[in-house]
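Going down the list, the sequences are from chains A and B. Taking our numbering, I'd label the letters of the first sequence as residues 1 to 482. Taking our numbering, I'd label the letters of the second sequence as residues 1001 to 1116. Below is one structure, written out as structure tokens; the observations come after it.
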Amino acid sequence: MSEKIYAFLFRLFPARFRAAWHDEALHLFCDRARHERGFIKSLLLWIDLLADIAVTLPRIYSSEDPSLLPAATANSSGVPSFYMLQRQPIQPRSYAMGTILSVVAIAVVIVLLNHGGHVPILHPSAAEDAGGFTVDPWATGPASGDGDAETIAIGRGTAGAAQSATGANPGATVVFKDRPRLPLFDAAEKHRVIEGIIANLNQHYPDAGVARTIAGTLRLHEGLGYYRSIGDPAEFAELVTREIRESSHDLHFEVVYSRDVLREDPAPAVPVEDAIYRQVLRRANCNFEKVDFLPHNVGYLKLDSFPPPDVCGDTAIAAMKTVSRADALIIDLRDNSGGQPEMVMFLAGWLFDEPAFFWNPRENSAANIWTHSPMAGSGLAGKPVYILTSPRTWSAAEHFSYDLKMLHRATLVGETTGGATDVGVFHRIDDHFGIGLRESRVPNPYPVPDWAVHGVSPDVAVPASHALDSAEMLAVQRIARR
Amino acid sequence: MPKRTLDPLPSAAFQILLALAQEDLHGYGIMRQVAEQTGNRMHLGPGTLYSSIQTLLEHKLIEEVDGPESEPADARRRRHYRLTSAGRKLARGEAEHLAETLRTARARKIFRGDYV
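The structure is reproduced here in structure tokens:
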């Protein structure tokens, strides 16, 4: 038995050496094995033989081919190198063995890929949204200071797009569910998303020419391999968003990636939840935080959202009637994170004595972009209005500020607003991707772009913390001039 | 196959030359003779032994001969080796070199006594 083992080990030596010395070496082994009996001697014999093989193998191989000797010493950089140790041609059996091993290795890899589980796509936001509820990626809001963004709006279309991330939404739903298993983010998925974007553009975007330009750009970039190295789906969404905006010169586009599965249809508002929501909103005075009068009969209204008029209409009317007695009005939107466009139009109506064109990039109906001025009981038409803004002024609050600035109806005091991009309609592409785009066919009549991305700049730029003092001073001066 | 260099002469090759200086031997015989003449400090394994023999054969320092008549038939069939005159000359030169080294070491008084 031990002779066979040694014969097997001797196969490690080069063919030429084996051919010359195989029999002699076996004779030698047998002689030694015969004379070195007993456990200790046999053990020492095997140690001796194994050490001999380990020491002599490299030397014999290098003497078989001298190019190996310098290569072995020169190649100390760690770079692998390969040398043919056999001088005889490779036998067909070796080719067959190599082929079989390759096929087995490939099969093992394929089986592991298909059944060994998916590689999770990790995203920095994973830690943040560890709560495990489904969110509508379109209902994004600013990083509000009060941090009450746990109620996430789920909606579609004009109304859905305008919903706030601050709880000012009657149809808000929070759906707790198990963390979904993420699919592989591969070239096929990227292709599906690109084609999904193009399909939505063709179907919904009002300018067919621009839609074709975007489609051509995306397909070209995909063909050139621009997206090949991107492994993070959120990064992919950001890149495609930038490319679409550059290609179209329309900042309302936004490709969204959601780690959680996007619902195919928004859940209908549940009456019980709706009732609770109304109750909570009314208890908070509909986010009309403060209605006050400053010295010199300057009215002050601090509004932290634009709640739905059907819930908060009475509160809004009461507040606006109160401040109508003022000689000038300061509307503080520094902490206003958005809400319903209907409330935007409702409040704006109090500032005019006739219907005013109030452009809305979300709105496709010309009938809905005129205020219902004059409002009964309003005494504000023609009085000076100042709006306080900050980077936390967001979405619907930007809509309100932008149009009043464009209409020269209000003076904006403070800092540039946040620049919300939820000014279009969100369309689901697949479980994790969607696109928001402007569907309005009513062109923006103003030479200044709307608030998307860049926000609305103030007329009087002061730190947001000093905005009230500045506005009050301006209001008093204005009243004095009148 | 290229020849392995014998300058300097490897220790195993020198011991094999010394083992064959007295009589013709086969592989196992060489191994035992080397173990004996080195005080069991050197046990040549098959790889070392036959790669050294191969080198010595290529340099014609030893040659392959038939086994002596006095050995049993099965032992006679094994390959025996004999020292050539070139091998003997090389072994002598190596021994003289070692002797010179020994004299130098002795002159430098690195030994503890005069018994060497």
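Glycine included, each C-beta is placed from N, C-alpha and C at the ideal position. Quick caveat, the model's predicted, so the values are computed rather than measured.
query	result
Quick one: what's PHE433(A) bridged to in DSSP?	TYR257(A)
Roughly how many angstroms lie between the CA atoms of ALA326(A) and GLU415(A), to the nearest whole one?	25 Å
Which runs of the alpha helix (DSSP H) at least 4 residues long sit entirely within the region 319-393 of chain A? Give them in chain order.	341-349
Can HIS427(A) and TYR257(A) be called in contact, C-beta distance under 7 Å?	no
If you follow the beta strand (DSSP E) that LEU303(A) is part of, which residue opens it and which one closes it?	298-303
Is there a C-beta anywhere in chain B that falls below 7 Å from the one on ALA72(A)?	Note that ALA72(A) has pLDDT 49, beneath the 50 cutoff, so the model's placement of it is unreliable and the number below is only indicative. Chain B contact via Cβ: absent.
Report the rounded CA-to-CA distance for VAL175(A) versus LEU281(A), giving the unit in angstroms.	Residue confidence for VAL175(A) is low, a pLDDT of 44 falling below 50, so the modelled location carries little weight and cannot support an answer.
Skipping 5 residues on each side, what residues in its chain have a beta carbon closer than 8 Å to that of GLN1037(B)?	GLN1015, LEU1018 and ALA1019
Have a look at PRO120(A) and VAL193(A) and give me their C-alpha separation to the nearest angstrom.	Note that PRO120(A) has pLDDT 45, beneath the 50 cutoff, so the model's placement of it is unreliable and the number below is only indicative. Looking at the two C-alpha atoms, the distance is approximately 19 Å.
Taking the Cβ atom as the reference point for each residue, do VAL323(A) and LEU351(A) lie within a distance shorter than 7 Å?	no
Would you grab the beta carbon distance between ASP332(A) and LEU303(A) for me? Rounded to a whole angstrom, and I think it's under 8 Å.	7 Å
Counting only runs that start and end within the region 1042-1067 of chain B, where is the beta strand (DSSP E) found for 3 or more residues in a row?	1062-1065
Among the candidates VAL55(A), ARG32(A), LEU57(A) and ALA54(A), whose CA atom is the shortest distance from the CA of LEU45(A)?	ARG32(A)
Tell me the residue span of the alpha helix (DSSP H) that contains GLU472(A).	467-481
May I ask you to report which of helix, strand or coil DSSP gives GLY414(A)?	strand
Give the secondary structure of VAL460(A) by DSSP, where H, G and I count as helix, E and B as strand, and everything else as coil.	strand
Identify, in the order they occur along the chain, each residue of the same chain with its Cβ nearer than 7 Å to the Cβ of VAL1034(B), setting aside the five sequence neighbours on each side.	GLN1015, ILE1016, ALA1019, MET1042 and LEU1044
Taking the beta carbon of VAL344(A) as the centre, do at least 16 other beta carbons fall within 10 Å, making it buried, or is it exposed?	buried
Under 7 Å between beta-carbons, which chain B residues line up against ILE5(A)? List them in chain order, please.	None at all; the shortest Cβ gap to chain B is about 13 Å.
Comparing the C-beta of ASP186(A) with each C-beta of chain B, is any distance below 7 Å?	no
I think THR1048(B) touches THR56(A), with their Cβ atoms under 8 Å apart; what is that distance to the nearest whole Å?	5 Å
Give me, in chain order, the residues of the same chain whose beta-carbon lies closer than 6 Å to that of VAL456(A); leave out the 5 immediate sequence neighbours on both sides.	GLU398, SER401, TYR402 and THR417
DSSP three-state label for ARG242(A), please.	helix
For HIS1080(B), which three-state DSSP category applies?	strand
Is LEU1020(B) helix, strand or coil by DSSP?	helix
Have a look at the DSSP bridge pairing and note the partners of ASP292(A).	TYR300(A)
Spell out the partners DSSP gives HIS399(A) in its beta bridges.	Answer is none; HIS399(A) lacks a bridge partner.
In chain order, what residues of the same chain lie with their CB nearer than 7 Å to the CB of THR371(A), ignoring the 5 residues before and after it?	MET345, ALA348, GLY349, PHE352, PRO355, ALA356 and PHE358
Please report the straight-line C-alpha distance between ASN1040(B) and ALA15(A), rounded to a whole angstrom.	31 Å
Cα separation between ASP314(A) and SER470(A)?	31 Å
Can you tell me whether DSSP reads LEU404(A) as helix, strand or coil?	helix
Using a Cβ-Cβ distance cut-off of 7 Å, determine whether PRO1068(B) contacts chain A.	no
Interface residues of chain B around PHE39(A) at Cβ under 7 Å?	In chain order: nothing, as chain B lies at least about 18 Å away.
Less than 7 Å between CB atoms is the rule here; does SER1051(B) satisfy it with respect to chain A?	yes
Measure the alpha-carbon distance for LEU468(A) versus SER390(A) and round it to whole angstroms.	11 Å
I believe HIS27(A) touches TYR1028(B) by the beta-carbon criterion, under 8 Å. Please report the beta-carbon distance rounded to the nearest angstrom.	7 Å
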